[in-house]
Each structure stands twice: as structure tokens, then as C-alpha cells.
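Accompanying notes for the structure given below.
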Amino acid sequence: MQPADTFRSEIAASGMDKLDAYNKSLNRIPAPGNGCHPSLLSVSNYGVMAGLSPERICDDIMQHVPAGRRKVSVREVQDAVGKAVTDCHQGFTFQKREKPLVKDGQKTLQKIISKAKITEEVDLWEASPIRLLDKSEKDMVLLLEVLYQPDDLLFIGDRFTDGILNKSIRTASKWIEYFHNGGKTFPHILINPLTGKPAPKKTKEDEETYRSDANIQSYKYCLVEFDNIQREDQVKFWNAVKLPIVCLIDSGNKSVHAWLDVQKLANVITAEQWQSEIKDRLYDRILKPLGVDGACSNPARMSRLPGYYRKEKGNFQKLLWLSPEGKPLC
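In numbering that gives the first Met the number 0, the protein residues as written are 0 to 329.
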């Protein structure tokens, strides 16, 4: 029996979901020097059984290999993945990383900024297609009403809040009702709707989560943020760049959070499509060379929730621009 056939049999016998089995195997990789090498083929087999691409499996393994007595090379992992794919009778070659579409990021950034017609936040606020509220305390309600369907399941909380159904995860309509009734505000919102079903945690074996990349129901939005350019230049950039923007949020600190309409960028309905169209193409090849924070490139990213008052900064997080259509400001 081929190794791949053995793994198929084991998964079928346990009743375990293929992707679940793969995620669990990632978290069981021993440290290098303590059985890591033979486990690479095992994990690779699970990944192939789950229908993941060789590149995705290789990246996942490299991120999950713990520290040990030696360094595991990319070539070693590629060899293991290659053998797993061959055992499944699927010939393959690893694809080279695509070169950035933006070659001189700083020059391109400055060129975009120079074309801005709006330079002040107050003018940006006035130009919003959806009329914004004079006071920011209820901005979160306006955001929820405009950008989500009533039955979209959404996480709202802070970075360390667990995803709990009917508490930190509610439908958009329930959150609107909650805030209208004077409910406590929170600093963050996970930008994409959730399934409401548990998925394995990537970091802890045998634990589940309701608010990770594996829990995404629909890929509506992606978050883009600059960390290292002045606020005035951020406003200019978002006014001039030709991207499908649905909202701009003042973080209450130094940055402006921009949400882009994913479906205006590509037809994304799976995690693999997000990886190829949004992570690899949009972020890695276009936005990151401009200086955008690459850590924001996953679908379960949390954004600052407008309407929350940041006591440590003395500022409200607030809407600066809002449009359900997803369109450039210029």
C-alpha cells in the first residue's frame, strides 16, 4: 500500500475531516533533532489529502517547525512535499515566487500621493458617499448597517477575547440592537463574516476556535494599513489610489484603516483563492512594496471599530469615509 493510501485509510477510519487532520498534524511536528525529519512526510501526506497546493503545504510546515538542534531547510520540506504528491500520482513543480508588480515602492507611493485632490480629513469626511454622523459614538452602528447583511455573523471584542456565540459573536442585526440599547463598545471588529462553527486552532493542538482564518464564511473585505507614513500622506494616498474602498477608519492613533471590497478585486470564495489573489498578488506584489503592513493580509484580520473611545490616546476611533459600493475616492 502506498503511504498516501495509508493516510486515506486512517482518516476515513477516524471520521476526521481532512483539513482538520492536516492542521492537527502541523501542531504535532517534533523539534529538529528529535524526529522532525520523518514527520515532514507525514504532515505532507495529510496536506495532499486535504487538497492543498504544494506551495501552501511547504509554507505551513516551515511556519510550524519548532526550534531544535538544527535548522530545517526549505529544500528538505519541499522534498517531503514532493514525495507526498508523487505518492498520490500528482506530478508537480514548485512555483517560483512572483516578482513584485511595483518595482520602486517609495517612488510609486509618492507619485500616487502627489495626485491627491483631498488633503484634509475634514474634506474626506464631507466627501463620503454615505453621510457620516456628526458625533462618532454610534459610528459602529452605521458601519454595520451599511456594510453587512443582517444575518452576517460578526466577532466584536478585543484582541484577546474568545469567540463565543451569542456573546462576542452575534449577527449584525443583534449587534445593532445591542449598541442601540447602550451596550458597551469594543475596540475591534473581525472584518469578515464567520461560519459559527468551530475550527482547529493553529497554535494549540486539540483546541478549537470560532474566529480564525478557518472560520470565515464569506470573503467580503480585506484590511490595509500603513504604519510608517504620516497621517496626511495616508489621507492623500487613499484619495488618489484606484482601489475599491468601502470605508476609511481613523484608528484613534497614527493610522487610517482602509477596507477594500474583495469581490471587486477578484472572485474569492475559498481560502486558496484568498491566498493566491489577495495575499500573494494584492499584498505581496502590489501593496507591501508601497509600505503597507503585510501582517494585515489574512481574512480574519481585526480592524479598529469606529465608535470606540481610546482612553490611552484621548481619541475616538471614527469613520472618515463610507461607501457600500466599493470604489476609488478619486
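Positions of the beta carbon are idealized from the N, C-alpha and C atoms, including for glycine.
Same chain, Cβ closer than 7 Å to residue i, neighbours up to 5 away in sequence not counted
{"i": "Thr170", "result": "Pro149, Asp150, Asp151 and Leu152"}
{"i": "Arg303", "result": "Pro186, His187, Ile248, Ser250, Gly251, His256 and Gln316"}
{"i": "Met0", "result": "Caution applies to Met0, whose pLDDT of 43 falls short of 50 and renders its modelled position unreliable; the value that the coordinates give is listed next. Excluding residues within five positions, none has a Cβ falling inside 7 Å."}
{"i": "Val140", "result": "Ile175, Phe178 and His179"}
{"i": "Gly162", "result": "Phe154, Ile168, Thr208, Tyr209 and Arg210"}
C-beta atoms of residue i and residue j nearer than 8 Å
{"i": "Glu224", "j": "Cys295", "result": "yes"}
{"i": "Leu411", "j": "Pro243", "result": "The requested residue 411 does not occur in the structure, where the chain is confined to residues 0 to 329."}
{"i": "Ser24", "j": "Ser41", "result": "yes"}
{"i": "Val261", "j": "Ile111", "result": "no"}
{"i": "Leu193", "j": "Ile168", "result": "yes"}
{"i": "Asn26", "j": "Ala83", "result": "no"}
{"i": "Ile285", "j": "Val101", "result": "yes"}
{"i": "Ala198", "j": "Glu207", "result": "yes"}
Nearest candidate by alpha-carbon position, reference residue i, set the options
{"i": "Lys114", "options": "Leu242, Lys235 and Asp283", "result": "Lys235"}
{"i": "Pro288", "options": "Gln105, Glu176 and Leu40", "result": "Gln105"}
{"i": "Pro310", "options": "Gln262, Asn252 and Ile277", "result": "A small fix is needed here, since residue 310 is Lys in this sequence, not Pro. Minimum Cα distance to Lys310 is reached at Asn252."}
{"i": "Lys317", "options": "Gly81, Leu123 and Leu286", "result": "Leu123"}
{"i": "Leu247", "options": "Lys241, His256, Ala239 and Val240", "result": "His256"}
{"i": "Leu142", "options": "His179, Pro305 and Asn314", "result": "Pro305"}
{"i": "Arg69", "options": "Gly34, Ser41, Asp58 and Leu40", "result": "Gly34"}
{"i": "Trp273", "options": "Ser72, Asn297, Asp260 and Arg284", "result": "Asn297"}
{"i": "Leu131", "options": "Ser72, Ser275 and Leu321", "result": "Leu321"}
{"i": "Leu259", "options": "Asn266, Lys326 and Ala239", "result": "Lys326"}
{"i": "Arg300", "options": "Lys82, Ala126, Ile215 and Lys312", "result": "Ile215"}
{"i": "Glu54", "options": "Glu271, Glu207 and Glu231", "result": "Glu271"}
{"i": "Glu231", "options": "Lys196, Lys116 and Gly313", "result": "Lys116"}
{"i": "Gln233", "options": "Phe159, Glu120 and Pro99", "result": "Glu120"}
{"i": "Lys201", "options": "Gly81, Asp59, Asn314 and Leu319", "result": "Asp59"}
{"i": "Tyr281", "options": "Val140, Val73, Pro99 and Gly32", "result": "The amino acid at residue 281 is misidentified as Tyr; the sequence shows Leu. With distances taken between Cα atoms, Leu281 lies closest to Pro99."}
{"i": "Ile129", "options": "Ser254, Lys166, Val245 and Asn165", "result": "Val245"}
Sequence-distant residues of the same chain with beta carbon closer than 6 Å to residue i, five excluded per side
{"i": "Leu18", "result": "Ala49"}
{"i": "Gly90", "result": "In this prediction, Gly90 scores a pLDDT of 49, lower than 50, which makes its location untrustworthy; no coordinate-derived value is stated."}
{"i": "Pro323", "result": "Val145"}
{"i": "Tyr307", "result": "Thr184, Pro186 and Gln316"}
{"i": "Gly46", "result": "Tyr21 and Ile56"}
{"i": "Ala30", "result": "Pro65 and Gly67"}
{"i": "Asp292", "result": "Glu224 and Asp226"}
Extent of the continuous beta strand (DSSP E) to which residue i belongs
{"i": "Gly325", "result": "Lys317 to Lys326"}
{"i": "Gly104", "result": "Premise fails: Gly104 lies in the alpha helix (DSSP H), Gly104 to Ser113, not in any beta strand (DSSP E)."}
{"i": "Leu164", "result": "Leu164 -> no beta strand (DSSP E), and no H or E assigned at all."}
{"i": "Ser302", "result": "Met301 to Arg303"}
{"i": "Ile244", "result": "Ile244 to Asp249"}
{"i": "Val223", "result": "Tyr220 to Glu224"}
{"i": "Gly156", "result": "Leu152 to Gly156"}
{"i": "Leu123", "result": "From DSSP, Leu123 is part of no beta strand (DSSP E) but of the alpha helix (DSSP H) over Glu120 to Glu125."}
{"i": "Ile188", "result": "His187 to Leu189"}
Delimiting residues of the alpha helix (DSSP H) encompassing residue i
{"i": "Asp260", "result": "Careful: Asp260 lies outside any alpha helix (DSSP H), inside the beta strand (DSSP E) at Val255 to Asp260."}
{"i": "Glu176", "result": "Ala171 to His179"}
{"i": "Phe236", "result": "Arg230 to Ala239"}
{"i": "Ile277", "result": "Taken as a continuous stretch (DSSP letters only), Ile277 belongs to no alpha helix (DSSP H), as it is neither H nor E."}
Chain-order list of residues whose beta-carbon lies under 8 Å from that of residue i (same chain, five-residue window excluded)
{"i": "Ile228", "result": "Leu108, Phe236 and Gly290"}
{"i": "Val267", "result": "Tyr218, Val261, Trp273, Glu276 and Ile277"}
{"i": "Ser135", "result": "Pro305, Gly306, Phe315, Gln316, Lys317 and Leu318"}
{"i": "Ile28", "result": "Cys35, Ser38, Leu39, Val42, Ile60, His63, Val64 and Pro65"}
Proximity test, Cβ basis, 8 Å: residue i and chain B
{"i": "Leu123", "result": "This model lacks chain B altogether, as it is built from one protein chain only."}
Quick test of the definition: if touching needs 3 or more C-beta pairs under 8 Å, does the region 145 to 155 touch the region 176 to 194?
Output reads yes: the region 176 to 194 touches the region 145 to 155.
Contact between the region 206 to 222 and the region 176 to 185 is defined here as three or more beta-carbon pairs at a separation below 8 Å; is this criterion met?
Contact annotation: the region 206 to 222 does not touch the region 176 to 185, with fewer than three C-beta pairs closer than 8 Å.
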